[in-house]
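Chemist:
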Amino acid sequence: MDIDIQIFKKQLSLHEMETVMKGFPEYAVDCPVSHVFSGGVYIRQILIPKGTLIMGKRHRHETCNILMKGTMSVFVGENEPLNVISGPLIFTSPPLSKKLAYTHEDCVFINIHPTNETDVDKIEQEFIIPEEEYLTVQNSIQKTIDQGERKCLG
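Pasting the structure below:
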């Protein structure tokens, strides 16, 4: 059964969508992840079964993505349009973007990060920004902007 994730995205932010998804752990899908380390590069590969709705983590830096095989509908960021992509395909996602995808076929998805670290937990701390931290920073920025609109600095 294919679903139209564009309908969900129009009604919910990616953060709200992630919260809803976490509320249904019985629908969690096993997506095996493998890790490769070579010459200052960390490669993370995830196998995503057909029919999976999946939410990525927010990366601190621009990220290299490779869809090795399969087809998915994907949002690469909060205000980005829905794209249907098929592998093999290489693309980048900007810093702080969050990907939401629905797989139409079994997919093999890869992220590549420059690091000499081999501890996956430490790599995640370096490259992933926790959603709550991101939201706190965004709210702080918005408050500063809102206050700035009422102040004359000139």
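Mapping the sequence shown onto the working numbering, position 52 (from 1) lands on 253, and the numbers just tick up by one. Even glycine gets a Cβ: it sits at the ideal position worked out from N, Cα and C.
(1) Look at the Cβ atom of residue 268, then the Cβ atom of residue 310, and state whether they are nearer than 7 Å.
(2) Just the Cα atoms here: how many angstroms apart are residue 214 and residue 279?
(3) Count the other CB atoms, across all protein chains shown, that sit within 10 Å of the CB of residue 202; report buried if there are 16 or more and exposed otherwise.
(4) Using DSSP with H/G/I as helix, E/B as strand and the rest coil, what is residue 338?
(5) Could you spell out the range, first to last residue, of the alpha helix (DSSP H) harbouring residue 328?
(6) Using the rule of at least 16 other Cβ atoms within 10 Å of the residue's Cβ for burial, across every protein chain shown, is residue 259 buried or exposed?
(7) Do three or more CB pairs link the segment 302-309 to the segment 271-278 at distances below 8 Å?
(8) Below 6 Å CB to CB, which residues in the same chain sit around residue 253 once its five sequence neighbours on both sides are set aside?
(9) Report the residue from 245, 226 and 293 whose alpha carbon sits nearest the alpha carbon of residue 319.
(10) Give me the Cα-Cα distance between residue 241 and residue 227, rounded to the nearest whole angstrom.
(11) Identify which residue in 314, 326 and 263 has its Cα closest to the Cα of residue 296.
(12) In the DSSP output, which residue or residues are listed as bridge partners for residue 221?
(13) Comparing C-alpha positions only, which one of 313, 312 and 302 sits nearest to residue 219?
Modeler: Taking the geometry as given:
(1) Taking 7 Å as the cut-off, the beta carbon of residue 268 is found closer than this to the beta carbon of residue 310.
(2) Each residue's alpha carbon lies about 7 Å from the other.
(3) Confidence is the limiting factor: at residue 202 the pLDDT is only 49, short of 50, which leaves the residue's position unreliable and the question unanswerable from this model.
(4) Helix at residue 338.
(5) Annotation: the continuous alpha helix (DSSP H) that includes residue 328 extends over 321-328.
(6) When all chains shown are included, residue 259 counts as buried.
(7) In this structure the segment 302-309 touches the segment 271-278; the number of beta carbon pairs closer than 8 Å is three or more.
(8) 230 and 304.
(9) Shortest Cα-Cα distance from residue 319 to any of 245, 226 and 293 involves 245.
(10) For residue 241 and residue 227, the distance between alpha carbons rounds to 38 Å.
(11) Checking every option, the nearest Cα to that of residue 296 belongs to 263.
(12) In the DSSP output, where bridge partners are listed per residue, residue 221 has none listed.
(13) Out of 313, 312 and 302, the CA that lies nearest to the CA of residue 219 is found in 302.
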